[in-house]
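The structure appears below as structure tokens.
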Amino acid sequence: MKHLISISDLTKDQAVQLLDNATELSSVNEREVKKLPALRGKTVVNLFFENSTRTRISFEIAAKRLSADVINFSAATSSLSKGESLKDTAQTLEALGAHAIVVRHPFSGAAHALAHRGWISSSIINAGDGSHEHPTQALLDALTLRQHFSLKSDLAGLKVLIVGDILHSRVARSNVLLLKLLGAEVTVAGPTTLMPAGIDKLGAKVSHNFDESLAQQPDAVMMLRVQKERMQGSFFPSEREYAKSWALNDDRFRSLGDRTAILHPGPMNRGFEISSAAADSDKSLVLRQVANGVSVRMAVLYSTLAGEEI
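Read left to right, the sequence shown gives residues 141 to 450 (this note's numbering).
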């Protein structure tokens with residue numbers, strides 16, 4: 141695998157192999173010396189045009205645990221702020237020795253452009269592009285679900301409910317694609333103003349009623365952050381009205397089945413999208429998602445830079 145731009149780039153076998161590799165590599169994170177020499181001599185650049193401390197640190201730890209050299213590159217303090225193009229920046233980074241570029245960008249398609257326009261030969265890993273995709277987040281979510289439900293390979297038969305701002309969520313798109321690829325049944329729920337046209341064509345059922353969706357007893361409920369920074373105009377009457385209809389509040393939390401898992405990609409807005417009782421409960425897998433992010437990103441970096449199975 142040369143690049144990872146979209147979940148659509150993966151076959152089911154490749155996705156399962158990445159999850160298997162992440163499981164194998166997770167043992168490194170339990171050791172006293174958390175290092176493997178697998179990517180010694182390789183240089184990974186984290187090229188972030190949007191702030192995301194959580195994702196950047198996760199990629200940085202993953203690369204360092206495989207012994208790669210890591211450079212963190214912030215667009216806000218670089219020549220990009222002086223007008224340099226994405227192409228020139230990428231070519232400069234490659235000339236400085238980058239073997240892989242992990243890119244996060246506010247525009248959908250930026251990662252694809254770096255990978256396929258012939259500007260550079262480095263591996264490109266999409267760490268989130270606009271409202272398009274965030275494939276490593278979907279992989280770490282799938283790994284978390286596979287662990288929680290003690291599944292050996294895929295997620296066949298699992299019912300997953302994704303709730304909230306579907307329209308602006310690259311996490312939702314990547315998750316719908318990956319969960320369907322792995323055999324899960326996926327429902328997306330949210331207000332009509334925050335539901336993208338055509339999402340059902342990806343294979344997800346669409347709901348506009350959270351309580352009716354919960355009554356279907358999903359195995360997992362994935363809450364999404366409302367991305368106000370991507371909104372131009374009003375998408376719901378008020379935060380109070382949104383929370384009333386779409387928050388995983390205490391009443392909805394108490395209605396969940398005994399085995400129902402709660403996921404959230406973070407950062408969480410407590411009291412708006414999710415109550416503290418739900419976020420801090422033993423049903424919440426949020427911290428396991430964060431920990432699995434390192435293992436999944438180690439697997440993706442290894443696969444793109446070494447091109448071998450673990």
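Ideal placement from N, C-alpha and C gives every residue a C-beta, glycine not left out.
As the structure is a prediction and not an experimental result, all values here were calculated from the model.
Given this structure, state the Cα-to-Cα distance separating SER293 from LEU425, to the nearest angstrom.
Indexing the sequence shown from 1 puts residue 293 at position 153. Indexing the sequence shown from 1 puts residue 425 at position 285. Rounded to the nearest angstrom, the two C-alpha atoms are 19 Å apart.
By the three-class DSSP mapping on this structure, what secondary structure does LYS142 have?
Here residue 142 refers to the residue found at position 2 when the sequence shown is read from its first residue. Three-state DSSP puts LYS142 in coil, outside helix and strand.
Exposed or buried, VAL173, counting other C-beta atoms within 10 Å across all chains shown (16 or more means buried)?
What you label residue 173 is simply residue 33 of the sequence shown in a count that begins at 1. By the neighbour-count rule (16 or more Cβ atoms within 10 Å), VAL173 is not buried but exposed.
Nearest candidate by alpha-carbon position, reference GLY297, set SER225, LEU318 and ALA324:
Position 157 of the sequence shown holds residue 297. Its Cα nearest to that of GLY297, the residue ALA324 stands out among SER225, LEU318 and ALA324.
Sequence-distant residues of its chain with Cβ nearer than 6 Å to VAL185 (five each side left out):
On the sequence shown, position 45 is the one that residue 185 refers to. Cβ neighbours of VAL185 beyond the five flanking positions: ILE211, PHE213, LEU233, ALA238 and ILE241.
Throw me the rounded Cβ distance for the ALA178 and ALA446 pair, which I believe falls under 8 Å.
By one-based count along the sequence shown, residue 178 stands at place 38. By one-based count along the sequence shown, residue 446 stands at place 306. About 6 Å; that satisfies the 8 Å criterion.
Can you tell me which of the three DSSP states LEU158 falls into?
As a first step, residue 158 is located in the sequence shown; it is residue number 18 there, counting from the start. Judged by DSSP in its simplified three-state form, LEU158 adopts helix.
At a threshold of 8 Å, does VAL303 count as lining the ligand NAD (C-beta to nearest heavy atom)?
Absence of the ligand NAD is noted for the structure shown, with no ligands found whatsoever.
For GLN429, count neighbouring C-beta atoms within 10 Å of its own C-beta (all shown protein chains included) and say buried if the count is 16 or more, exposed if not.
Counting from 1 along the sequence shown, the entry for residue 429 is found at position 289. GLN429 comes out buried.
Given a cut-off of 9 Å on the beta-carbon distance, is the pair ARG205 and VAL434 in contact?
Counting from 1 along the sequence shown, the entry for residue 205 is found at position 65. Counting from 1 along the sequence shown, the entry for residue 434 is found at position 294. ARG205 places its beta carbon less than 9 Å from that of VAL434.
How far does the alpha helix (DSSP H) with PHE350 in it reach, from first residue to last?
Residue numbering aside, residue 350 sits at position 210 when the sequence shown is read from its first letter. Taken as a continuous stretch (DSSP letters only), the alpha helix (DSSP H) holding PHE350 covers 350-354.
Since ILE414 sits in a beta bridge, which residues does DSSP pair it with?
Here residue 414 is taken as the residue at index 274 of the sequence shown, counted from 1. In DSSP, ILE414 forms a bridge with LEU388 and ARG410.
Please go through the segment 205-285 and give each complete alpha helix (DSSP H) segment of 4 or more residues, from N-terminal end onward.
The segment 205-285 contains, as complete alpha helix (DSSP H) runs of 4+ residues, the segments 226-235 and 250-256 (chain order).
Nearest CA to the CA of ILE302: which residue from SER290, GLY330, LEU295 and LEU318?
Taking the sequence shown and counting its residues from 1, the one referred to as residue 302 is at position 162. Per the Cα distances, GLY330.
Using C-beta distances below 8 Å, list every residue in its chain close to SER192, excluding the 5 sequence neighbours before and after it, in chain order.
Residue 192 sits at position 52 when you count from the first residue of the sequence shown. Apart from the 5 residues on each side of it in sequence, SER192 sits with its Cβ closer than 8 Å to the Cβ of ARG244, ALA267 and GLY268 in its chain, given in chain order.
Residues near THR327 in its chain [Cβ-Cβ closer than 8 Å; skip 5 each side]:
Mapped onto the sequence shown, residue 327 falls at position 187. The answer, listed in chain order, is LYS299, VAL300, LEU301, ILE302, ALA344, LYS345, VAL346, SER347, SER353, GLN356 and PRO358.
ILE402, DSSP secondary structure in three states
As a first step, residue 402 must be located in the sequence shown, where it is residue number 262. Strand.
Let's see if you can read the secondary structure: which residues bound the beta strand (DSSP E) around MET335?
Here residue 335 corresponds to residue number 195 of the sequence shown, with the count starting at 1. Element bounds for MET335: n/a, residue is neither H nor E.
According to the neighbour-count rule (16 or more other Cβ atoms, all chains shown, within 10 Å of its Cβ), is ASN349 buried or exposed?
Within the sequence shown, residue 349 is the residue found at index 209, counting from 1. Label assigned to ASN349: exposed.
Could you say if the segment 284-293 and the segment 333-341 meet the contact criterion of at least three C-beta pairs nearer than 8 Å?
No, because fewer than three Cβ pairs between the segment 284-293 and the segment 333-341 fall closer than 8 Å, the two stretches do not touch.
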